[in-house]
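Only one structure is covered here, and it is reproduced in the block below.
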Amino acid sequence: MLNVAVRRTLSCSHGYLTRRGLSHAAPKPELFGVARALQASASSESAPTTQPTLFTSEFSLADRVALVSGSRRGIGLEAALALAEAGARSVYCLDLPQEPGEDWLKVREFASRMGLGKFEYISGDVRDQEATWKVGETIGTREGRFDVCIASAGILGEDKSSLEVTNREFQDTVDVNLKGVLFTAQAAGRQMVRFGQGGSIILIASICGSVATEPTYCNVAYHTTKSGVLQLARSMACELGPKGVRVNTISPGFFRTKLNSSLDDRPDAAEHWAKSNPLGRFGRTHELRGVCAWLASDASSYCTGTDVFVSGGHQAW
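Residue numbering for the sequence shown follows the numbering used here, beginning at 110 and increasing consecutively.
Listed below in structure tokens is the structure:
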């Protein structure tokens, strides 16, 4: 268990270090793609240089250590499993409830059956800056490195006119969606700088941070905080780039998750949202896996300060 100011941790490890640990990691080639092909053509040692690297090296997260907030369920849990499947040595799932819940436990068991790395739950509050920093510090000290962070914790808030939203309602959303994201990114970034190996920080924004939704849904606090996340990432990317730390955002479009389960009682609004993009449907959480794995890996090594839409083309209209 992590010795931090959180309430409970649960973990699994399936003999990972004996099969896929640091001592068994294959060294990454210095060249990729066309440059590597040209080098191979001039080399008499063809066997070591002709093995594909796109998925075994560039997209691989072998031996990497990751933290994913808001990962008890939904998009965060999907992202955490994607990192584990991409080869991460340890994935730490940070969320508010004391217990991880049925979905998380089933995913952990699934990861264990696949022989993946450590998959651990940490109960903690991203609104608490000191405690969140401590989570990052303790993970770094335990693992001896810190490579990936996905800040996914967030709340939707109430569907309410901007003329009626209260100070408390607005502040509650800011505390989680903006300050909590900052504190999580800080916790990871401090460790990445500490170890001097760079890293990738991914902040989950939203299509609502770039375009306003139609009057079928009113939530000025949510929209404002998600827009803030976009600029937060750009600012951190510019500051931390020289230290090898990349910071990007993902802007999901309309996905059906438990976060917006209120749509179950509003079938007309749900149908309207589903048809608000060129693909004419809601996103499925697994459709975020590839983008998460790509931004976390060296395959996106020249990508920072960038927002990636996963929205069915919503922003194109």
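Note that CB positions come from ideal geometry on N, CA and C, so glycine has one too. Computed from a prediction, not measured in an experiment: that's the story for all the values here.
Note down the Cα distance separating residue i from residue j, rounded to an integer number of angstroms.
i	j	result
Ile313	Trp382	20 Å
Gln207	Arg182	14 Å
Arg254	Ile316	32 Å
Thr322	Asp204	28 Å
Gln238	Asp284	11 Å
Ser271	Val419	26 Å
Ser261	Ala330	17 Å
Lys243	Thr293	10 Å
Ala144	Ser385	43 Å
Phe391	Arg375	15 Å
Ala146	Leu163	13 Å
Lys215	Gly196	19 Å
Thr333	Thr247	32 Å
Thr415	Glu396	19 Å
Glu252	Val174	7 Å
Ala379	Asp281	25 Å
Looking at the secondary structure, which residues open and close the beta strand (DSSP E) in which residue i lies?
i	result
Asp204	Ser199 to Asp204
Phe418	Asp416 to Val419
Val310	It is worth fixing the name first, because residue 310 is Ile in this sequence and not Val. Counting along the chain, the beta strand (DSSP E) containing Ile310 begins and ends at Gly308 to Ile313.
Ser178	Val174 to Ser178
Glu229	Lys227 to Ser232
Ile259	Val257 to Ala260
Ends of the alpha helix (DSSP H) at residue i?
i	result
Cys85	An answer regarding residue 85 cannot be provided, because it is not within the stretch 110 to 426 covered by the chain.
Ala151	First-last for Ala151: undefined, no H or E at that position.
Thr358	Where Thr358 is concerned, there is no enclosing alpha helix (DSSP H), although the beta strand (DSSP E) it sits in stretches over Val354 to Pro361.
Cys401	Arg398 to Ala405
Lys243	Gln238 to Glu252
Gly183	Gly183 to Glu194
Trp221	The sequence shown places Ser at residue 221, not Trp. Counting along the chain, the alpha helix (DSSP H) containing Ser221 begins and ends at Glu211 to Arg222.
When burial is assigned at 16 or more other CB atoms within 10 Å of the CB, is residue i buried or exposed?
i	result
Tyr411	exposed
Val400	buried
Cys347	exposed
Ala425	exposed
Leu140	exposed
Leu341	buried
Leu388	exposed
Glu187	buried
Ala171	buried
Whose C-alpha, out of the options, is nearest the C-alpha of residue i?
i	options	result
Gly210	Tyr230, Leu225, Thr334 and Ala193	Tyr230
Ser169	Ala193, Leu186, Ala189 and Gly245	Ala193
Val354	Phe279, Glu273, Val177 and Val257	Val257
Ser319	Asp172, Arg222, Lys335 and Cys327	Lys335
Asn328	Ala408, Gly185 and Phe279	Phe279
Thr366	Ala402, Cys202, Asp212 and Lys288	Asp212
Gly421	Pro361, Arg222 and Gly179	Pro361
Val302	Lys352, Lys288 and Arg277	Lys352
Report yes if the C-beta of residue i is less than 7 Å from at least one heavy atom of the ligand ZN; otherwise report no.
i	result
Cys327	The ligand ZN is not among the ligands present in this structure, which contains no ligands whatsoever.
Am I right that residue i and residue j are in contact with their C-beta atoms under 8 Å? What's the rounded C-beta distance?
i	j	result
Thr394	Phe363	Rounded, the Cβ-Cβ distance is 12 Å, inconsistent with contact.
Val290	Ile359	Going by Cβ atoms, the distance from Val290 to Ile359 rounds to 12 Å, so no, they are not a contact pair.
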